[in-house]
Amino acid sequence: MDMTAPPIAQSSAARRLAAWLHARPRVRLGLLLAAPIAWLVVAYLGSLGVLFINSLWQRDEFTGLVQRTFTLENFNLLVSNPLYVTVLLRTAGMAAAVTLTCIVLAFPIAYYMARVASPRTRGLLAVAVVMPLWASYLIKAYSWRLILSEEGLLNWLLQPLGLRGPGQTEIGLWLVFTYLWLPYMILPLYAGLERIPRSLLEASSDLGGHGWTTFRRVIFPLVIPALAAGSIFTFSLTLGDYVAPSLITTTQFIGNLIYLNFGAPDLPFAA
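Taking numbering that gives the first Met the number 0, I'd label the letters of the sequence shown as residues 0 to 270.
Dropping the structure here:
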């Protein structure tokens, strides 16, 4: 048998499938995204759907059991009770304040990391930003509780100046939230700023654009998606947190009310 003879070309099923997919890029993209989209629908949107259905049920006042009859009573109670409205507004205000503070603090840090720092300094700063995320959330929250306590580190440092820290108040909680969620604002902003081509900044300078003009007309519009991503992180994390408010202050936030109603148990209203 002649071993040098070329093999007979046969089109296998795998090759035909590969050729078919190669000619249809949208089908390839759909197959690649099918698994993560299915996971998102089942695990995330599915759980939200179940939560919404539970919120339409009600709790029997006598037996404490959940009655699977659809009603809007829970939503009506949420918007008609002044206590719950106050808690909702307080929580939204705290989330907005934390988000704005994180933007103000994170933007200069992210800009320096992305556009100014040397590669070595950039790596060190990236490690410094990510390092707090390695620690347990509870450890950080308890640490801040000790720092803000009456005999804590902050009052000890401010005492020689005749000052006192915010203590375990809403301002103290604002500081804690800002510390906890600041990395979630820095990282998206850093990624967005790093992707801006240097040629755009040079073109703006050549056309007479000064620092503020370049920032307002070139940098800021391009970094809005990253800013939106970081804002979603910080706002949503603050909105749903109940551990830090429980440890730092006695003021009620929406997360605390949800936790208390789950323990009541009033599952429909908690949902």
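Idealized CB from N, CA, C, for every residue including glycine.
Note that the structure is predicted; figures quoted are calculated from it, not measured.
Distance CB(residue i)-CB(residue j) smaller than 7 Å
i    : j    : result
P267 : N75  : no
R121 : M130 : no
T98  : S230 : yes
L192 : Y110 : yes
L256 : V65  : no
L309 : G151 : No statement about residue 309 is possible, as the shown extent of the chain runs from 0 to 270 and does not include it.
Beta-carbon proximity list for residue i, same chain, < 8 Å, skipping 5 on both sides
i    : result
R163 : N154, L157
A140 : V175, L179, V242, A243, L246, I247
T68  : W56, Q57
A18  : none
S204 : T213
V78  : V84
Burial state of residue i (16 or more Cβ within 10 Å)
i    : result
Y178 : buried
P182 : buried
A12  : exposed
L32  : exposed
W143 : buried
L147 : buried
T249 : exposed
A34  : exposed
I108 : buried
A42  : exposed
V128 : buried
N73  : buried
Sequence-distant residues of the same chain with beta carbon closer than 7 Å to residue i, five excluded per side
i    : result
D1   : Any reading at D1 needs caution, since the residue's pLDDT is 49, under 50, leaving its predicted position unreliable; the model's value is listed next. Excluding positions up to five away in sequence, the list is empty.
L200 : T213, V217
A96  : W173
Y258 : Y241
T90  : L238, F252, I253
R114 : L192
L132 : P182
Beta-carbon separation (whole angstroms), residue i vs residue j, contact threshold 8 Å
i    : j    : result
M93  : F219 : So it is not a contact: roughly 26 Å between Cβ atoms.
P264 : G254 : With a Cβ gap of about 17 Å, P264 and G254 do not count as contacting.
A190 : A225 : 6 Å
A116 : L124 : 6 Å
Cβ shell of residue i (< 6 Å), same chain only, five flanking positions each side left out
i    : result
A8   : Unreliable positioning characterises A8 in this predicted model, as indicated by a pLDDT of 45, which lies under 50. The coordinate reading is nonetheless provided below. Closer than 6 Å at Cβ, skipping near neighbours: no residue.
T70  : Q57
G239 : G254
L221 : I195
A228 : P187
L236 : W180
Contact between the stretch 156-168 and the stretch 184-191 (3+ Cβ pairs under 8 Å): Under the 8 Å Cβ criterion, the stretch 156-168 does not count as touching the stretch 184-191, having fewer than three qualifying pairs.
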